[in-house]
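Numbering (my numbering), first residue to last: 27 to 180.
What follows is the structure, given as structure tokens:
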């Protein structure tokens, strides 16, 4: 068994190096994918504000918030958090914010089908992964951290 382990060790190292190298790109793809979903949704709301307020009044039942305030907060959340996430600025904060927006959509819209609920679950998992791992090396957060370390002389 030990001999087999020794033979597989170079392969394990190769996979480790490949996954480490791919991580920034994978996190960037996650960020851009999910940001696109929420940003487009926010733009749709902005495109016809009267309909948006009507939907928040008649269809979406956001707990504890008046419909007009819920419409503003939802639209701002979708557009601002998705923009921050796309560029990787305050990435964990943006992912957490979009997670809450996504959760509110699931809670407040009774018209979700099993298929649309699955989409929201998928988006929620991507957002949790971005929250857990951060926006990655191809982000403004990472660039800012590198700049701070260089400035501090590390």
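Backbone N, C-alpha and C define an ideal beta-carbon position, used for all residues, glycine too. Being a predicted model, the structure only gives us computed values, none of them experimental.
For residue 93, which residues in the same chain have their Cβ closer than 8 angstroms to its Cβ, ignoring the five residues on either side in sequence? 79, 82, 83 and 86
Please return the same chain residues whose Cβ sits closer than 8 angstroms to the Cβ of residue 126, not counting the five positions on each side in sequence. 103
Per-residue DSSP class, three states only, for residue 181: Outside the shown range of the chain, which is 27 to 180, sits residue 181, and nothing can be said about it.
Measuring alpha carbon to alpha carbon, tell me which of 31, 145, 65 and 133 ends up nearest residue 108. 65
Proximity of residue 117 and residue 111 at Cβ, strictly below 8 angstroms: yes
Are at least three pairs of beta-carbons, each pair with one atom in the segment 161-180 and one in the segment 50-60, less than 8 angstroms apart? yes
In the DSSP assignment, find the alpha helix (DSSP H) that holds residue 104 and state where it starts and stops. Segment: none, residue 104 is in no alpha helix (DSSP H) and carries neither H nor E.
Is DSSP giving residue 117 helix, strand or coil here? helix
Which residues in the same chain as residue 143 place their Cβ atom closer than 8 angstroms to its Cβ, once the five residues preceding and following it in sequence are excluded? 132
In this structure, does DSSP put residue 74 in helix, strand or coil? coil
Taking the beta carbon of residue 174 as the centre, do at least 16 other beta carbons fall within 10 Å, making it buried, or is it exposed? exposed
Selection from 76, 89, 134 and 62 that minimises the alpha carbon distance to residue 106: 62
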